[in-house]
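In the UniProt record's numbering, the protein residues as written are 1 to 406.
What follows is one structure encoded as structure tokens, with my remarks underneath.
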């Protein structure tokens, strides 16, 4: 006998999608709607293929102050699954924890939401008992291990654990409900349905320990196809099929600029990369990284502001590939020319002197704010690098303008 279920996590319904100003109207709307579109793709797949049940392992919503629209969209999806006879098991994570403040919506009776303590739910599928263990975050920060509260497997039931958390010692992500792979395996479960890490990962094959990743990429660092797993367990073994669900894919393309002297040449090279991305990934949002900028290309680019080049390629992309938006352009230039000293130079030198702790100390009020974190994201090494680079770019532009004014 085989049971079949869907494992999804990190829906983040209602994400504000910070940092996408300036996109053409249709693409901006696609980005804003993408988490809802991905969710509808999940519901459509489940309604069409009729799995035995659906697991959602945390962060259904993007924030603790769940919006009315996000909750209504989720409720409607659950009603559709109820009509298809599909039970749903939900655990809430650090983003949509139980201590948040929101207007409550009722959910249909096919939905089981786990409480703040580890609980188990049972259902019988064609004569086989399936036991699902899980919990919801009682508050935003659950930094202590919870794995010890999960009971060991026992009996003949198919046993599944749901856990929104991270591997102990993984400093690349915020550490919540930490665990080790051995601790999960010691429980003897047939499947571990994980959430919290937005990158798709298979930590162990048999039994599977799985992060399905986010349902939709939320920013440019969450590149590649996003979706969920369609899982079958039979005769003690599991098979997994990844199902893409995202409305658009975030990506990056490098445009070699050596030898370019005219804007039409640059445009054609960019469009070649944009078309290739579209063919490989479908709809998406793309960063263009300009490399190999020699002296001649630099002279061409200096004849118009960077904002105009960005608008130029956005308009061209919308004509040829209307479902691929250009998020931004980054310029890999040779060493910057000498610039005048003074206050700007002092500020640049000060920025360079800060280490990671220095940046975190100076930005803690913003990134630690109860509401602002929804719009800023996590202050990790990559974010610090981007902030430093952007500050350097803006200050350097100021220096150059100041030098020309003199």
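Yeah, the Cβ is synthetic: ideal placement off N, Cα and C, and Gly gets one too.
Endpoints, alpha helix (DSSP H) assigned at residue i
i           : result
residue 77  : 68-83
residue 9   : Where residue 9 is concerned, there is no enclosing alpha helix (DSSP H), given that its DSSP letter is neither H nor E.
residue 200 : Run containing residue 200: none; DSSP gives neither H nor E here.
residue 309 : 306-320
residue 260 : Unbroken run through residue 260: none, as it is neither H nor E.
residue 238 : Careful: residue 238 lies outside any alpha helix (DSSP H), inside the beta strand (DSSP E) at 237-244.
Cα-Cα separation between residue i and residue j, rounded to whole angstroms
i           : j           : result
residue 328 : residue 285 : 9 Å
residue 90  : residue 110 : 11 Å
residue 86  : residue 55  : 11 Å
residue 48  : residue 107 : 21 Å
residue 66  : residue 43  : 20 Å
residue 150 : residue 321 : 50 Å
residue 259 : residue 213 : 41 Å
residue 248 : residue 28  : 12 Å
residue 121 : residue 292 : 58 Å
residue 152 : residue 192 : 13 Å
residue 94  : residue 229 : 22 Å
residue 296 : residue 263 : 12 Å
residue 333 : residue 288 : 14 Å
residue 363 : residue 323 : 36 Å
residue 128 : residue 81  : 21 Å
residue 338 : residue 299 : Because residue 338 sits at a pLDDT of 47, beneath the cut-off of 50, its placement in the model cannot be relied upon, and the following sentence gives the value as read from the coordinates. So the alpha carbons of these two residues sit roughly 16 Å apart.
residue 23  : residue 330 : 16 Å
Opening and closing residue of the beta strand (DSSP E) in which residue i lies
i           : result
residue 291 : 284-291
residue 267 : Looking at the DSSP string, residue 267 is not in any beta strand (DSSP E); the run it does join, the alpha helix (DSSP H), is 263-281.
residue 194 : 191-195
residue 328 : 324-331
residue 230 : 227-234
Inter-residue CB distance, residue i and residue j (contact presumed, cutoff 8 Å)
i           : j           : result
residue 215 : residue 11  : 5 Å
residue 178 : residue 189 : Residue 178 to residue 189, Cβ: 18 Å. No contact.
residue 274 : residue 125 : The Cβ separation is near 47 Å, so there is no contact.
residue 70  : residue 13  : 4 Å
residue 160 : residue 130 : 7 Å
Among the options, nearest to residue i - alpha-carbon criterion
i           : options            : result
residue 5   : 287, 304, 132      : 132
residue 165 : 136, 234, 123, 68  : 136
residue 31  : 75, 60, 220        : 220
residue 256 : 210, 269, 250      : 269
residue 326 : 209, 252, 263      : 252
residue 272 : 282, 254, 261      : 254
residue 187 : 147, 276, 175, 223 : 147
residue 280 : 225, 130, 299, 354 : 225
residue 309 : 267, 195, 318      : 267
Assigned exposure category for residue i - 16 Cβ within 10 Å defines buried
i           : result
residue 163 : buried
residue 336 : Per-residue confidence for residue 336 stands at a pLDDT of 48, beneath the threshold of 50, marking its modelled position as unreliable; no derived number is given.
residue 51  : buried
residue 155 : exposed
residue 74  : buried
residue 250 : buried
residue 68  : exposed
residue 302 : exposed
residue 357 : exposed
residue 9   : buried
residue 227 : buried
residue 202 : exposed
residue 64  : buried
residue 92  : buried
residue 261 : exposed
residue 246 : buried
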